[in-house]
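Notes to accompany the following structure.
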Amino acid sequence: MPLQEYLPVQAYALMLVIARLGALVFLLPGIGESFVSSRIRMMFLLTMALVVSPTVMTYLPTVPPSLPELFLLVFIEVMIGSFFGLVGRTLLLTLSSAGMILSFSTGLANAQVFNPSIQGQGTSISLLLSVLAIMVVMAADMHHMLILALIDSYTLFPPGAPLPIDDMSLAFTRLVADSFEMAVQLSAPFIVFSLVFFVTLGVVSRLMPQLQIFFIGLPIQILMGFTIMIAILGTMVEVFLRYYEDGIASYLVPG
5 MPLQEYLPVQ AYALMLVIAR LGALVFLLPG IGESFVSSRI RMMFLLTMAL
55 VVSPTVMTYL PTVPPSLPEL FLLVFIEVMI GSFFGLVGRT LLLTLSSAGM
105 ILSFSTGLAN AQVFNPSIQG QGTSISLLLS VLAIMVVMAA DMHHMLILAL
155 IDSYTLFPPG APLPIDDMSL AFTRLVADSF EMAVQLSAPF IVFSLVFFVT
205 LGVVSRLMPQ LQIFFIGLPI QILMGFTIMI AILGTMVEVF LRYYEDGIAS
255 YLVPG
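Residue numbers 5 to 259, in my numbering, belong to the letters of the sequence shown in order.
As structure tokens, then:
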């Protein structure tokens with residue numbers, strides 16, 4: 005018997021929406037963090053799927069005649085949702101990458117803690133900026149933009165159409181490069197400070213060889229690093245939010 009007789013239209017539409025939206029939810033900044041309960045994420049996913057499915061019903065194709073074609077369709081939907089989730093996650097980790105550079109510039113690179121955002125060890129400053137990035141993105145409702153971008157993706161990537169792997173790979177590669185560039189720009193004051201500071205230490209060590217320069221230099225480096233971070237943290241967050249908004253807005257359909 006045809007597959008259409010076994011799979012009601014409503015269940016089929018909900019399944020396709022969950023496939024695309026679910027991949028995004030489990031990577032969504034804030035909701036998709038590892039410290040958030042899986043039950044909460046599943047409840048959020050089901051709620052969003054019930055809200056979104058009526059609005060995108062017209063974009064969904066008819067039920068495939070065979071089970072392999074259905075699996076292929078679901079796989080493509082998961083890949084599209086994962087792409088948008090990785091876009092949001094990469095943009096979010098920009099501030100974390102800046103924190104890694106900042107840690108090396110301030111002498112705190114060895115202060116390692118577990119960072120749940122990257123599922124591994126990271127510096128304490130990187131963890132602080134990661135949590136700060138999640139907080140400001142959620143407070144500014146930027147996660148809503150990512151969900152809207154996924155809904156708009158039904159016009160950019162219609163279900164059942166071939167997956168544009170080349171374009172998605174190129175876009176993601178460009179995004180990673182831009183994210184690292186922005187991280188370097190955010191941490192530029194610390195890079196300049198580190199360069200000037202170590203040049204000064206080198207000159208002092210040459211002028212006074214008997215001075216234990218590292219016992220004096222390291223506390224000063226940490227103190228000056230925290231002073232600079234306190235002075236420019238607000239500007240860093242503002243620039244990061246603008247970059248995050250522009251990155252998500254590029255995937256929204258105009259109008």
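For each residue, glycine too, the CB sits at the ideal point set by N, CA and C. Being a predicted model, the structure only gives us computed values, none of them experimental.
With a CB to CB cut of under 7 Å and the five nearest residues on each side skipped, what residues in its chain are close to LEU32?
If you number the sequence shown from 1, residue 32 lands on position 28. For LEU32, where only same-chain residues beyond five positions count, the Cβ hits under 7 Å are GLY89, GLY92, HIS147, LEU150.
Spell out the partners DSSP gives GLN14 in its beta bridges.
One-based indexing of the sequence shown puts residue 14 at position 10. In DSSP, GLN14 forms no bridge with anything.
Beta-carbon separation of VAL21 and ALA53 under 8 Å?
By 1-based counting over the sequence shown, the position of residue 21 is 17. By 1-based counting over the sequence shown, the position of residue 53 is 49. A contact, by the Cβ cut-off of 8 Å.
GLY238 by DSSP, collapsed to three states: which one?
For the purposes of this step, residue 238 is taken as the residue at position 234 of the sequence shown. It is helical.
For the structure I just gave you, are there three or more beta carbon pairs, one from the stretch 187 to 198 and one from the stretch 234 to 244, closer than 8 Å?
yes
Since MET172 is in the alpha helix (DSSP H), which residue starts that stretch and which ends it?
As a first step, residue 172 is located in the sequence shown; it is residue number 168 there, counting from the start. Note, MET172: alpha helix (DSSP H), 169 to 190.
So for THR62, helix, strand or coil by DSSP?
For the purposes of this step, residue 62 is taken as residue 58 along the sequence shown, with counting starting at 1. Reduced to three states, the DSSP call for THR62 is helix.
Spatial neighbours of ILE252 within its chain, please: CB distance less than 8 Å, with the 5 preceding and 5 following residues excluded, ordered by chain position.
In the sequence shown, counting from the first residue as 1, residue 252 sits at position 248. VAL91, GLY92, LEU95, MET146, MET149, LEU150, ALA153, listed in sequence order.
Could you check whether ILE84 and PHE194 sit closer than 8 Å to each other, using their CB atoms as the reference points?
Position 190 of the sequence shown holds residue 194. Position 80 of the sequence shown holds residue 84. The beta carbons of PHE194 and ILE84 sit no closer together than 8 Å.
Should PHE197 be counted as a contact of the ligand SAM given a C-beta to heavy atom distance under 7 Å?
As far as ligands go, the structure on display features none, and thus does not contain the ligand SAM.
Of the residues GLY164, MET61, THR159, which one's Cα is nearest the Cα of PRO285?
With the chain covering only 5 through 259, there is no way to say anything about residue 285.
To the nearest whole angstrom, what separates the beta carbons of GLY221 and LEU205, a pair I think is in contact under 8 Å?
Looking up residue 221 in the sequence shown gives position 217. Looking up residue 205 in the sequence shown gives position 201. Indeed, because the Cβ distance is near 5 Å, the residues count as touching under 8 Å.
Checking 8 Å against the spacing of the C-beta atoms, do SER107 and ILE129 come in under that value?
Stepping through the sequence shown from its first residue, residue 107 is reached at position 103. Stepping through the sequence shown from its first residue, residue 129 is reached at position 125. In contact: SER107 and ILE129 (Cβ atoms closer than 8 Å).
Are LEU25 and LEU64 closer than 8 Å when you measure CB to CB?
As a working note, residue 25 is residue 21 in the sequence shown. As a working note, residue 64 is residue 60 in the sequence shown. Cβ distance not < 8 Å, so LEU25 and LEU64 don't count as in contact.
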